[in-house]
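Below: one structure, written as C-alpha cells.
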Ligand SMILES: Nc1ncnc2c1ncn2[C@@H]1O[C@H](COP(=O)(O)OP(=O)(O)OP(=O)(O)O)[C@@H](O)[C@H]1O
Ligand SMILES: [Mg+2]
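In C-alpha cells form, the structure reads like this:
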C-alpha cells in the first residue's frame, strides 16, 4: 500500500490509518491531505488512529503538522481513538500534542467538527439562517 | 552410573522406614502435619527416585528422567508453604533422606572404601541439589503469591466508578506510591475507553500527601486522557497538597481543579450538556441531575 | 550486567520500511516474553525512535533484538549500530528538544525514559552503538 485513502463526507475529510506506516507513507498522507483540503474547501479533517499500535515522535509530528496546515487552510482537525497504551507511551516520550483536538471515537469527533463548523458559519454569515443542520 | 539407585529400588521399604524414623520428630514437633500424610509424602518422593531407569545419572537433576521427582518436590514445597513450614524445614525434610541412603551404602560397600566414598559423594550431591531445588521453588511460589496479592490489592484499591453516562470517577484513598499510581493511571484510561466517557474525575480527597513523582504521574494520566479525547477534572486537593504542589513547582495550570467531588461532578455534567438544577427544597431531590 | 542471551535476531536498517520491520520484530519478541500491552508499546516505540535515528542520523546500520536473562528476570535488549558521524556531545543529544536534523529532539531522551537501561557509545567519525534493555 503506497497511499492511505482519504474519504470525503460533505465538508469533511475522513482518514483511517490502519497500517503500520513507514515515514514516507506518513509524509505522503500529509501532502495528500493538505491538497485535498484546499481542493474541496474542507472545513474539517478527522483522523481515526484507533488501529494504530504506536505513535512515535515522527507520527506525532506528522499529526501536528497536518493540524497546523489544515488550520492555515481554515479547517479543523480532530484525531480520534488513540489507545490508552499508546497515549501513556506518547506522554512518556515527551509529546503531549498540545495543538491537536482529540476525541474518543469517530462519532464524538464528527460531533465536534460539526459544532465548530456551525459556529464558524454563525460568525461568518451575515444575518442568514445559518444555524440549521 | 549409580549402583546405589539399584539398591534403593531393591530395598525401598526399609529405606522409607529409616527415613521416617529420622524425620518423625523433626516434622511432628510443630504439629503441622500428621504422620500418615508425612509417610505418604515420603513414600511418593522415594518412589519418584526409585522409579527412574536404573542407569539414570544422579549427578544431573535436569535430565528428563528426574522431571517427575522435581514436579513432585515443587508441589510438595508449595503445599508445605501453605501448611506453614518454613523453606528451611522443607529443605531439611529432603536433606534428611541422606542418612538412610548413606546407611544403605555403608551396609553394601562397607569394606570397599573407594566405592563407598564415590557412592556417598554422588548421593550427597544429588540430595543437596534436590534440597536446593525445593527451596528455589518455594521462593518462586511465594514470590508469585506475593505479586499476585499485590496486584489484586492494587486493583481493589483503585475502583473506577461510573457516575453518569459518559462520566467516570476515580476516588483515590490512601497513600499513593509510584507503582500504585501507575496502576491507577492504566485502569482509569482503560475505563474511559470501556465506558466511552468524555469526562473523568480524579478525586484525591482521601489522599494524605503527594510527592513529586506521584504528582507527575497524575499529570501524565491527565495528559494521556486528553490525548485519547477525554477531559480529567482533579478534585479534593487538600490545602497541604496544594502547598506541596506549588512548592515543587508542578504546573497544574492546564488542569481543571475543583474543591469537592460534587463540584467536579456538576462541572462534568455541564461539560456533557447537562445541568444540575434544584427542583425543590426537599433534600432528596436537591442533587438530582436533569438533562437540559 | 551479566545477562545471558537466550535468543537474538538482527535486522538491517537501510530504508524507512526496515524501520517498520524492526518495530514488528521487536513487537513479536515482546509478545513472546509476555510483556504487558503498555510495556510492549513502550519497547516498540523506543525501537522505532532508535531505528529511525540509525537510519536518518547514522546513515543506516543494524539492530539486534535479544531475549536476555539475568538471574530470574527476563528482558528484551535492543542494540543499534551504525558507522555514521557519531554523536559529539551525548548529554546534549539526550536532552529533550535538541536536534540537528529538524526533528523534535525527543527520540533519544524519550526512548531512554521508555526503557530500563540505556547506554550510548559513540565516537565522532566512527559511529554509534546504543544498547537499551527493558526488564519484565
Ligand atoms: N545514530 C546517530 N548517529 C549520529 N547522531 C545521532 C544518532 N542518533 C541521534 N543523533 C543525534 O542526536 C540528536 C537527537 O536525537 P533525537 O532522536 O533525540 O532527535 P531527532 O532525531 O533530531 O528528532 P526526533 O527523534 O524527535 O524526530 C539528533 O538530532 C542527532 O544529532
Ligand atoms: Mg530521532
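Residue numbers (the working numbering), protein chains in the order written: chain A, -3 to 129; chain B, 2 to 293; chain C, -6 to 129.
Glycine is no exception: its CB is placed at the ideal position from the N, C-alpha and C atoms.
Can residue i and residue j be called in contact, C-beta distance under 8 Å?
i, j, result
"residue 129 of chain C", "residue 48 of chain C", "no"
"residue 62 of chain B", "residue 6 of chain B", "no"
"residue 35 of chain B", "residue 73 of chain B", "no"
"residue 231 of chain B", "residue 198 of chain B", "yes"
"residue 0 of chain C", "residue 60 of chain C", "yes"
"residue 72 of chain C", "residue 56 of chain C", "yes"
"residue 112 of chain A", "residue 72 of chain A", "yes"
"residue 101 of chain B", "residue 23 of chain B", "yes"
"residue 135 of chain B", "residue 92 of chain B", "yes"
"residue 262 of chain B", "residue 202 of chain B", "yes"
"residue 69 of chain C", "residue 36 of chain C", "yes"
"residue 268 of chain B", "residue 234 of chain B", "yes"
"residue 76 of chain B", "residue 49 of chain B", "no"
"residue 89 of chain C", "residue 99 of chain C", "yes"
"residue 215 of chain B", "residue 182 of chain B", "yes"
"residue 17 of chain B", "residue 39 of chain B", "no"
"residue 104 of chain B", "residue 4 of chain B", "no"
"residue 99 of chain B", "residue 115 of chain B", "no"
Count the other CB atoms within 10 Å of the CB of residue i; is the residue buried (16 or more) or exposed (fewer)?
i, result
"residue 118 of chain B", "exposed"
"residue 104 of chain A", "buried"
"residue 104 of chain C", "buried"
"residue 5 of chain A", "exposed"
"residue 34 of chain C", "buried"
"residue 284 of chain B", "Note on residue 284 of chain B: pLDDT 48, under 50, position unreliable in the model; no value is reported."
"residue 81 of chain C", "exposed"
"residue 116 of chain C", "exposed"
"residue 77 of chain A", "buried"
"residue 83 of chain B", "exposed"
"residue 3 of chain A", "exposed"
"residue 80 of chain A", "buried"
"residue 84 of chain C", "exposed"
"residue 77 of chain C", "buried"
"residue 121 of chain C", "buried"
"residue 326 of chain B", "Because residue 326 of chain B is not part of the residues shown, which for chain B are 2 to 293, the question remains open."
"residue 293 of chain B", "Unreliable positioning characterises residue 293 of chain B in this predicted model, as indicated by a pLDDT of 41, which lies under 50. The coordinate reading is nonetheless provided below. By the neighbour-count rule (16 or more Cβ atoms within 10 Å), residue 293 of chain B is not buried but exposed."
"residue 107 of chain C", "buried"
"residue 287 of chain B", "Confidence at residue 287 of chain B is low in this model, with a pLDDT of 42, below 50, so its placement is unreliable and no value can be given for it."
"residue 87 of chain A", "buried"
"residue 86 of chain C", "buried"
"residue 24 of chain C", "exposed"
"residue 124 of chain A", "Confidence in residue 124 of chain A is poor, its pLDDT being 41 and thus under 50, which makes the residue's placement too unreliable to answer from."
"residue 1 of chain B", "For residue 1 of chain B there is no data in the structure shown, the boundaries of chain B being 2 and 293."
"residue 122 of chain B", "exposed"
"residue 54 of chain C", "buried"
Residues bridged to residue i by DSSP?
i, result
"residue 56 of chain B", "Its beta-bridge partners do not exist; DSSP assigns none."
"residue 73 of chain C", "C:56 and C:123"
"residue 78 of chain B", "Answer is none; residue 78 of chain B lacks a bridge partner."
"residue 202 of chain B", "B:170 and B:234"
"residue 116 of chain C", "C:120"
"residue 165 of chain B", "B:168"
"residue 76 of chain A", "A:44 and A:99"
"residue 66 of chain C", "C:63"
Going by C-alpha to C-alpha distance, which of the options sits closest to residue i?
i, options, result
"residue 120 of chain B", "B:262, B:107, B:48 and B:176", "B:107"
"residue 41 of chain C", "C:29, C:59, C:23 and C:19", "C:19"
"residue 22 of chain A", "A:86, A:48 and A:90", "A:48"
"residue 97 of chain B", "B:52, B:48, B:129 and B:260", "B:129"
"residue 32 of chain A", "A:8, A:46, A:20 and A:53", "A:8"
"residue 19 of chain A", "A:46, A:30, A:-1 and A:85", "A:-1"
"residue 37 of chain A", "A:115, A:87 and A:67", "A:67"
"residue 53 of chain A", "A:90, A:100 and A:29", "A:90"
"residue 83 of chain A", "B:259, B:257, B:274 and B:229", "B:229"
"residue 180 of chain B", "B:219, B:143, B:196 and B:164", "B:219"
"residue 46 of chain C", "C:74, C:58 and C:14", "C:74"
"residue 255 of chain B", "B:227, B:186, B:14 and B:200", "B:227"
"residue 42 of chain B", "B:57, B:25 and B:56", "B:25"
"residue 12 of chain B", "B:184, B:59, B:109 and B:250", "B:109"
Pairs of beta-carbons, one from the region 137 to 147 of chain B and one from the region 241 to 251 of chain B, closer than 8 Å: are there three or more? In this structure the region 137 to 147 of chain B does not touch the region 241 to 251 of chain B; the number of beta carbon pairs closer than 8 Å is below three.
Taking contact to mean 3 or more Cβ pairs, one atom from each stretch, closer than 8 Å, check whether the region 59 to 77 of chain C and the region 5 to 14 of chain A are in contact. Contact between the region 59 to 77 of chain C and the region 5 to 14 of chain A is absent, because fewer than three Cβ pairs lie under 8 Å.
Assess contact between the region 157 to 177 of chain B and the region 193 to 211 of chain B, defined as three or more Cβ pairs (one per stretch) separated by less than 8 Å. Is contact present? Contact holds: three or more Cβ-Cβ distances are below 8 Å.
Answer yes if the region 41 to 57 of chain A comes into contact with the region 185 to 204 of chain B, meaning at least three C-beta pairs across the two stretches below 8 Å, and no otherwise. Touching, no, given that fewer than three Cβ pairs across the two stretches are closer than 8 Å.
Three Cβ pairs or more, each shorter than 8 Å: is that satisfied between the region 87 to 102 of chain A and the region 58 to 74 of chain A? Two segments are said to touch when three or more pairs of C-beta atoms, one from each, lie closer than 8 Å; by this definition the region 87 to 102 of chain A touches the region 58 to 74 of chain A.
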